[in-house]
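For reference, the structure is listed below as structure tokens.
8 protein chains.
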Amino acid sequence: MEAKKILEKVRNGEISVEAAEKFFRQKPFDDLGFAKLDTHRKIRTGFGEVVFCSGKKDEHLQQIFRKLAEEEGNVLGTRASREQYELIRALCPDAVYDSLSRLVKIIRKPVELRGSVAVCTAGTADIPVAEEAAQTAEFFGSKVNRVYDVGVSGLHRLLASLDPIQEANCVIAVAGMEGALPSVLGGLVSNPVIAVPTSIGYGASLQGISALLTMLNSCANGIAVVNIDNGYGAGYMATQINRLACGKER
Amino acid sequence: MEAKKILEKVRNGEISVEAAEKFFRQKPFDDLGFAKLDTHRKIRTGFGEVVFCSGKKDEHLQQIFRKLAEEEGNVLGTRASREQYELIRALCPDAVYDSLSRLVKIIRKPVELRGSVAVCTAGTADIPVAEEAAQTAEFFGSKVNRVYDVGVSGLHRLLASLDPIQEANCVIAVAGMEGALPSVLGGLVSNPVIAVPTSIGYGASLQGISALLTMLNSCANGIAVVNIDNGYGAGYMATQINRLACGKER
Amino acid sequence: MEAKKILEKVRNGEISVEAAEKFFRQKPFDDLGFAKLDTHRKIRTGFGEVVFCSGKKDEHLQQIFRKLAEEEGNVLGTRASREQYELIRALCPDAVYDSLSRLVKIIRKPVELRGSVAVCTAGTADIPVAEEAAQTAEFFGSKVNRVYDVGVSGLHRLLASLDPIQEANCVIAVAGMEGALPSVLGGLVSNPVIAVPTSIGYGASLQGISALLTMLNSCANGIAVVNIDNGYGAGYMATQINRLACGKER
Amino acid sequence: MEAKKILEKVRNGEISVEAAEKFFRQKPFDDLGFAKLDTHRKIRTGFGEVVFCSGKKDEHLQQIFRKLAEEEGNVLGTRASREQYELIRALCPDAVYDSLSRLVKIIRKPVELRGSVAVCTAGTADIPVAEEAAQTAEFFGSKVNRVYDVGVSGLHRLLASLDPIQEANCVIAVAGMEGALPSVLGGLVSNPVIAVPTSIGYGASLQGISALLTMLNSCANGIAVVNIDNGYGAGYMATQINRLACGKER
Amino acid sequence: MEAKKILEKVRNGEISVEAAEKFFRQKPFDDLGFAKLDTHRKIRTGFGEVVFCSGKKDEHLQQIFRKLAEEEGNVLGTRASREQYELIRALCPDAVYDSLSRLVKIIRKPVELRGSVAVCTAGTADIPVAEEAAQTAEFFGSKVNRVYDVGVSGLHRLLASLDPIQEANCVIAVAGMEGALPSVLGGLVSNPVIAVPTSIGYGASLQGISALLTMLNSCANGIAVVNIDNGYGAGYMATQINRLACGKER
Amino acid sequence: MEAKKILEKVRNGEISVEAAEKFFRQKPFDDLGFAKLDTHRKIRTGFGEVVFCSGKKDEHLQQIFRKLAEEEGNVLGTRASREQYELIRALCPDAVYDSLSRLVKIIRKPVELRGSVAVCTAGTADIPVAEEAAQTAEFFGSKVNRVYDVGVSGLHRLLASLDPIQEANCVIAVAGMEGALPSVLGGLVSNPVIAVPTSIGYGASLQGISALLTMLNSCANGIAVVNIDNGYGAGYMATQINRLACGKER
Amino acid sequence: MEAKKILEKVRNGEISVEAAEKFFRQKPFDDLGFAKLDTHRKIRTGFGEVVFCSGKKDEHLQQIFRKLAEEEGNVLGTRASREQYELIRALCPDAVYDSLSRLVKIIRKPVELRGSVAVCTAGTADIPVAEEAAQTAEFFGSKVNRVYDVGVSGLHRLLASLDPIQEANCVIAVAGMEGALPSVLGGLVSNPVIAVPTSIGYGASLQGISALLTMLNSCANGIAVVNIDNGYGAGYMATQINRLACGKER
Amino acid sequence: MEAKKILEKVRNGEISVEAAEKFFRQKPFDDLGFAKLDTHRKIRTGFGEVVFCSGKKDEHLQQIFRKLAEEEGNVLGTRASREQYELIRALCPDAVYDSLSRLVKIIRKPVELRGSVAVCTAGTADIPVAEEAAQTAEFFGSKVNRVYDVGVSGLHRLLASLDPIQEANCVIAVAGMEGALPSVLGGLVSNPVIAVPTSIGYGASLQGISALLTMLNSCANGIAVVNIDNGYGAGYMATQINRLACGKER
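Chains as they are written, first to last, in the UniProt record's numbering: chain C, 1 to 250; chain R, 1 to 250; chain Z, 1 to 250; chain S, 1 to 250; chain F, 1 to 250; chain U, 1 to 250; chain D, 1 to 250; chain W, 1 to 250.
This is the structure we're talking about:
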């Protein structure tokens with residue numbers, strides 16, 4: 001924090017008490033009334049603010065995207081419906097939509113892809129969540145390798161695809177139903193595995209709770225878990241790790 | 001059922017109405033007052049009655065073992081404490097106890113071991129449940145191969161031990177924590193896999209519920225599940241399958 | 001595994017190192033990009049790959065069916081909607097659909113039915129799941145007897161239908177609500193019972209969790225449980241057992 | 001309520017306003033400070049107050065028993081430890097204890113047993129709860145028939161014992177593990193069945209939750225359920241029903 | 001059972017062995033193929049079979065109603081949609097429908113109402129379940145008093161309506177949300193209370209699980225519980241109790 | 001209670017016994033048959049009766065609103081759909097509707113706003129529940145400050161908005177997902193915090209159960225919790241507290 | 001916050017930049033290494049810091065009590081065992097212990113009791129939690145009325161004790177098992193009710209979860225809930241409310 | 001993998017087919033009979049095998065420690081009781097024990113500490129789990145900063161300790177009860193946060209499930225979660241991340 005610098009300026013009369021207090025209080029966000037946009041977030045964390053679209057009111061969504069596009073250039077929206085995308089595109093014609101991952105993207109400053117993140121799925125039904133993870137990681141500058149449909153009940157498929165997984169700085173393992181993929185991967189790689197349970201399954205899968213519990217109880221080392229279907233969260237954290245491995249200069 | 005034969009004897013006057021009714025009503029068990037021993041069970045199913053010792057009153061336990069030993073020769077007791085074993089041994093000096101599986105056995109008629117059942121565990125802590133399964137299967141005449149500590153987070157250990165597993169008529173897969181072993185085995189063998197979740201683990205393992213859910217949600221084929229820590233149930237069903245494979249003549 | 005044979009051929013110069021490595025790595029599946037079809041599965045396990053249709057993308061579903069029909073002749077699809085069936089039929093005109101069980105079948109090589117599997121239900125609402133089980137078993141070559149609406153609250157109906165149940169190599173017991181049927185059957189038969197909880201019921205049935213717990217806690221012997229509504233899994237395992245009983249030559 | 005009579009007496013000057021208000025407010029219990037004994041309960045409901053001993057402080061327990069024994073003659077205490085019984089006996093030497101059901105009883109006025117209640121258990125481990133039910137019913141004047149160890153996995157034992165069950169005004173069905181006994185009984189009798197789940201079992205029995213769910217979901221008619229291990233509640237309600245059937249003159 | 005009489009007839013040659021065996025086996029139901037109608041149920045229990053309509057196939061529903069109407073005269077169907085009612089009315093024009101309780105009734109033999117059952121609700125949203133209970137009890141011959149909207153958060157409403165409740169042979173207490181009504185009623189009446197949790201509520205009401213737990217844990221005496229929203233089951237059991245109180249001659 | 005006064009009037013002959021009894025029994029509500037309106041509630045508690053609209057039958061809803069509007073002047077309806085509002089407006093043209101909070105209001109007597117309640121949300125998706133709370137508090141006479149989108153993952157936004165929160169007599173903290181806002185607020189204010197979990201979130205948020213548990217387990221002091229999405233309940237209790245702080249003269 | 005004042009002093013040279021920064025950073029707690037005592041808490045909130053004793057290491061507990069007693073005079077410790085009390089008394093001989101509530105108190109500055117809080121329990125087993133609440137409220141200066149053993153299954157006991165409850169500024173309602181007391185109280189009083197579920201009960205009470213759900217789902221107004229057995233939290237919040245009602249000058 | 005190299009040696013006759021097959025099969029572990037020690041683990045992953053002591057048999061534990069100490073030099077054991085430590089020390093006199101974290105360590109090769117990991121706790125009761133994390137990270141070569149007792153209900157304590165947290169390559173956030181610490185930290189740092197729920201709490205904390213859910217639902221970015229009380233897992237993964245940040249040369 002720069003508290004000390006501000007205080008020194010107050011003492012030196014460079015800025016007024018009121019300005020200093022305002023600095024402490026109001027600086028780091030834009031207040032739209034209904035929302036408080038964290039426009040200094042990128043400076044603090046190296047990641048711009050991302051919009052969780054689901055459930056947002058139409059006019060709010062539009063204002064948020066326009067504001068962020070103006071201030072940040074690149075904007076990422078998650079869990080967007082096609083209807084929401086059309087609303088956004090009306091204001092930001094360069095917005096693009098991926099119906100599989102339900103991501104909306106505005107890319108005005110090209111992003112260089114670095115390092116290596118592997119995104120794996122157990123089955124084909126896990127691919128939408130995996131794509132949310134993969135494209136989030138790419139949005140933030142990670143190079144991504146996709147290895148899909150390598151669930152543990154057909155082990156030969158996984159063993160035949162190990163190279164990109166073992167070479168990644170971070171592995172994202174996406175699985176529903178019994179959710180065993182991260183445990184097997186955890187024993188085969190030396191870098192961290194981020195496990196993403198999906199709500200794929202039926203009956204006792206309990207909408208992903210079963211896979212979530214499996215992953216939390218893994219006896220393999222180097223595994224941590226995010227919320228059910230939270231591909232975005234996995235892609236974000238994988239990028240944090242990938243950046244650390246690449247030397248962080250972003 | 002032999003209902004028809006009895007009815008013909010009634011018509012022919014070979015047995016009285018009262019005897020027939022008694023036959024229909026009272027035959028197939030010994031009523032000890034507090035319990036009704038199913039001494040005709042072996043004839044009906046090929047398996048003698050087994051005693052679940054835990055929670056039985058001392059004198060009841062003793063009477064049940066003595067009665068069954070007299071009538072059946074071989075007796076199996078599950079979930080027995082050492083104290084209970086001492087009580088049983090006081091009346092049946094040839095009873096033996098295995099403290100790992102907590103089984104009490106009386107073997108007065110030797111049992112020939114046939115066919116092949118594989119019993120696998122994910123970790124070393126699962127061995128007590130696995131031994132309950134293995135020794136139950138042996139008590140009922142199955143030849144058993146033990147393959148222990150082959151959990152999925154160290155896949156090379158499992159792959160190095162596949163032969164006895166792939167050759168078995170039935171595989172018992174015992175695992176706690178994330179419980180992923182049956183899913184991996186299900187993809188590697190062609191015969192049925194009986195999955196036994198164990199209460200091994202901590203935190204979100206929920207005393208075995210996590211492993212149970214994993215196994216129920218397995219996307220591998222040919223897997224069915226028994227109750228948490230129910231090694232006995234797995235050993236029993238594996239024997240049923242093994243006998244069918246051996247031609248059932250027992 | 002045939003690892004040894006390959007290695008001997010390498011030593012003898014019959015195949016190159018590169019070919020051998022490729023064999024170890026890439027052989028046992030067809031990679032469609034989005035999915036990895038296990039076309040060697042039938043050789044390994046005696047069962048061809050089955051398609052879980054629910055949630056598959058339209059074009060993926062079509063490609064998978066066409067590929068499997070070409071390579072295997074007979075194809076089974078589970079949990080298919082009528083819309084999905086129409087898509088499949090557009091490419092494979094000999095596909096047939098059963099709206100009760102939601103199975104799609106292509107049968108180009110006739111299947112001989114052998115042995116005996118009994119499929120029982122507690123109520124009439126359990127029949128769709130039972131049909132998934134029964135037709136799966138028939139697809140893989142098991143002769144099936146159906147005994148429906150014999151729930152335990154009307155015991156005389158069950159007792160009047162015991163013969164085909166007691167004679168089966170394996171019994172599938174399908175029940176929702178309180179799920180007590182497998183426990184009663186387990187006491188009446190000598191061969192294995194596969195219990196299938198269904199999501200039939202309301203209130204405290206918790207979408208099948210109640211029936212599932214009942215079945216896991218059964219004090220009858222010889223019962224194992226599959227996931228809620230998983231008729232397919234039960235039919236598959238029943239066939240494994242039935243084949244073992246028939247002598248396995250398939 | 002006798003509100004009207006009191007009000008008439010107020011108008012007639014037979015009792016004062018203060019007395020009437022006191023009547024409305026303070027009559028129907030003895031306030032011991034820490035507890036409010038409902039000594040008018042027997043007049044209102046035909047059942048005296050019963051003491052739930054577990055967790056009561058020693059001196060409180062003693063005072064409550066002495067007070068009730070003085071005022072009511074007969075006293076019933078449930079869930080009493082032997083230590084608690086010794087404390088009670090120090091003040092009430094005619095108190096008796098049943099270690100199986102954990103009931104303490106003082107009987108100073110003999111109770112005539114009438115009508116018929118059947119108490120059934122699935123296994124021998126359910127007997128303690130069944131005895132709590134049976135002896136509670138007897139304490140309140142019901143004639144009881146005990147039918148123990150007739151669980152549904154050995155149906156012939158149940159069918160051989162039907163007479164006393166079918167003749168009872170009310171059946172209490174006590175079962176742990178899968179808890180299927182009430183469903184089967186519900187289909188065989190015409191009078192009400194009170195189902196008592198017990199905490200007997202392990203693993204997925206969840207301390208009786210599994211049996212409780214089974215019973216709530218029973219598709220048999222005429223079944224209602226009390227709390228896990230609540231033999232007392234079942235015995236109480238069975239007596240209410242039995243009294244109605246006997247003509248209620250008690 | 002009349003087993004003995006049949007056996008005597010066999011001995012006397014009055015009926016053949018085959019007829020006797022058939023009697024034991026096939027008598028008590030009509031097998032429609034997809035369902036086994038229990039047409040002897042009324043003789044055994046005094047209650048005809050009732051049809052749970054929800055989920056039945058259209059043609060099955062029609063056949064079942066026609067068959068039961070022919071054989072029994074009066075028929076009750078529960079959980080029927082208006083569409084199902086129209087199907088039934090096409091075959092049985094005298095069928096009537098109550099959209100609140102979702103019951104379909106055919107009454108060809110008038111029913112005399114006897115005794116007294118009180119049906120209470122906590123709120124107005126619980127009325128549909130209460131009507132299912134009340135009309136079921138009336139269908140089976142019980143006189144019913146309805147006391148609605150007397151939840152415990154407005155105690156004066158309940159206290160002002162006590163007379164019909166305290167005079168009933170059996171009280172049905174229907175409540176969602178916190179489900180406290182049965183506890184309060186249990187302390188105010190001397191006859192049994194059947195508690196019916198409803199799925200009314202939101203958030204932590206968990207679709208009725210909260211009310212169900214409340215009722216199971218009631219510290220009032222004389223309360224037993226049926227499944228969530230199971231008005232039918234409560235009306236059935238209340239009738240059993242009411243009949244016992246009326247002297248059972250029906 | 002005024003019991004004493006009534007009784008004195010009875011003694012003095014000022015009112016008859018019948019009138020007194022009627023007073024005790026029937027006074028405090030209007031019985032519409034299907035519902036019992038608590039029209040004396042405002043006298044007893046200072047708050048008029050509020051209508052929970054969801055699930056009410058159309059004609060019932062109309063009658064209730066008309067009756068309450070006539071007797072109380074101001075009426076509040078919660079969880080109303082727009083369709084329900086149109087029905088109400090047909091009879092009460094001065095009814096107004098807020099689609100965000102789903103409240104219907106009739107205000108015929110102006111309400112003076114006093115004291116201070118702060119309503120905070122963690123995110124923008126929590127605003128509908130917050131508005132239900134805020135407008136309920138306003139309906140009952142509390143002055144409200146709204147502080148929205150100050151979730152704990154962007155702490156600077158919360159710290160910049162502390163003044164109205166710290167000055168309030170009561171704080172309502174509305175949050176879904178992890179529900180951490182009340183804990184942080186609890187450490188920053190000296191007056192009570194009412195925590196409202198919302199059903200906002202996905203996966204392991206379990207429709208608000210996760211946020212509910214978080215709030216119940218808060219280690220901050222001065223926090224109590226209402227049901228998931230229960231903005232109304234929070235606004236009601238905040239007003240109770242605010243009135244106490246203002247001196248209660250309302 | 002006094003941020004502005006500090007900043008003005010910095011500008012005026014009254015304090016140095018370093019001092020100001022230190023003020024912002026280190027002022028409000030004493031860092032003992034293993035714990036950070038919030039010794040300015042009383043100034044901020046009017047309540048001193050309270051020690052949750054359970055699980056604290058012996059030497060830590062002693063240091064914390066000594067430090068707080070020196071700085072604050074009065075100290076309250078919750079969930080203390082007798083052993084922990086002995087340790088504390090060794091350093092602070094004026095500490096007193098209440099074994100029922102498990103509170104340790106040091107009172108060096110007398111506390112004046114003001115206002116009115118009512119603490120009610122459903123049963124006698126709830127008294128320990130109620131005493132934790134009552135004595136906490138007294139420690140912080142609230143006058144408390146105790147009304148114990150007034151559960152809803154014996155309504156006359158509650159109605160006879162209404163006066164102190166209806167006059168209180170805040171009511172604490174403590175109940176286990178079905179937890180219905182707060183709902184009934186909520187309908188009888190005009191001030192807030194803080195509901196405290198207790199872990200009293202068995203079986204489906206689920207260690208207090210059942211009572212907790214009941215309270216959260218209460219349809220009475222003016223009820224909020226704290227964690228299971230959290231008497232301390234209820235006493236704290238009741239005092240906040242009571243102080244607001246008394247005019248807050250403390 | 002070095003598969004290719006081995007295959008080339010086979011072709012060149014440098015090693016025999018049998019040796020190659022043995023290499024593929026048996027190399028990477030030491031089979032002790034009851035356990036299969038993964039002694040090549042360090043080569044594959046950079047982390048030696050760690051012993052989960054809890055539940056291990058005494059003689060097994062001793063053998064495993066002796067073997068690993070001989071082969072690896074440094075050994076870490078988790079969840080060890082003091083009794084187990086004494087057994088280990090009997091064979092390995094240089095073993096040391098930390099009773100807070102329950103870790104046993106043998107350090108024969110000094111470890112250089114690099115990079116930076118911050119370990120934070122919400123309360124003092126979370127310290128044992130935090131120490132397991134911190135000492136695990138140190139065992140594997142990470143430099144650790146401990147920041148304890150900075151829970152969110154006293155935000156000033158956290159804000160005063162931000163520097164070491166914001167500078168770490170990875171933050172471990174350990175919290176029980178409401179588990180809100182990771183959410184607040186996630187908004188304040190730019191590197192990954194590993195959240196560790198602890199079983200600290202009571203009532204609705206559900207032995208850590210509440211904290212676990214909070215952390216999974218965090219709306220802050222860059223958070224992933226491990227199992228309840230799994231300090232070891234967090235320390236392991238933090239080291240993986242820290243090594244990547246340091247350039248991985250270990």
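Note that CB positions come from ideal geometry on N, CA and C, so glycine has one too.
Exercise for the section: Compute the Euclidean distance between the alpha carbons of E14(F) and A160(Z), then round it to the nearest angstrom. Expected result: The residue given as residue 14(F) occupies position 14 in the fifth sequence. The residue given as residue 160(Z) occupies position 160 in the third sequence. Rounded to whole angstroms, E14(F) to A160(Z) spans 23 Å at the Cα level.
Handout entry: Of the listed residues K9(S), G233(S), V184(S), C246(S), nearest to G77(S) (C-alpha basis)
Key = Here residue 77(S) refers to the residue found at position 77 when the fourth sequence is read from its first residue. Nearest of K9(S), G233(S), V184(S), C246(S) to G77(S), Cα basis: G233(S).
Handout entry: P128(S) - containing alpha helix (DSSP H), residue span
Key = Within the fourth sequence, numbered from 1, the residue matching residue 128(S) stands at position 128. Here the alpha helix (DSSP H) through P128(S) covers 127-139.
Exercise for the section: List the residues of chain W that A194(C) touches, going by C-beta distances under 8 Å, in chain order. Expected result: In the first sequence, the residue the question calls residue 194(C) occupies position 194. One point to set straight first is that residue 194(C) is Ile, not Ala, in the sequence displayed. Result: A224.
Practice task
Would you mind stating whether E132(R) and G201(R) have Cβ atoms separated by less than 8 Å?
Solution key: Taking the second sequence and counting its residues from 1, the one referred to as residue 132(R) is at position 132. Taking the second sequence and counting its residues from 1, the one referred to as residue 201(R) is at position 201. Not closer than 8 Å, so no.
Problem - Within chain S, partners of A180(F) - CB distance below 8 Å - result: If you number the fifth sequence from 1, residue 180(F) lands on position 180. The premise fails here: A180(F) is roughly 16 Å from chain S at the closest Cβ pair, so nothing lies under 8 Å.
Handout entry: L212(R): contacting residues in chain A (beta-carbon distance under 8 Å)
Key = Considering every chain present, this structure includes no chain A. Its protein chains are C, R, Z, S, F, U, D and W.
Exercise for the section: Please confirm whether V10(W) and R11(Z) have their CB atoms less than 8 Å apart. Expected result: Here residue 10(W) corresponds to residue number 10 of the eighth sequence, with the count starting at 1. Here residue 11(Z) corresponds to residue number 11 of the third sequence, with the count starting at 1. Contact flag set, yes.
Practice task
Please state whether DSSP places R82(R) in a helix, a strand or coil.
Solution key: Indexing the second sequence from 1 puts residue 82(R) at position 82. R82(R) falls in the helix class under three-state DSSP.
Exercise for the section: For chain Z, find out if any of its Cβ atoms is closer than 8 Å to the Cβ of I106(C); answer yes or no. Expected result: Your numbering for residue 106(C) matches position 106 in the first sequence. No, its Cβ sits nowhere closer than 8 Å to a Cβ of chain Z.
Exercise for the section: Check distances from the C-beta atoms of the UniProt domain "PurE" (115-247) of chain W to those of chain D and list, in chain order, the residues that come in under 8 Å. Expected result: T124, A125, I127, Y148, D149, V150, G154, H156, R157, L159, A160, I200, Y202, G203, A204, S205
Problem - Neighbourhood of Y97(U) by C-beta, 6 Å cutoff - its chain only, sequence neighbours within 5 removed - result: Locating residue 97(U) in the sixth sequence gives position 97, counting from the first residue. Around Y97(U): Y85, V104.
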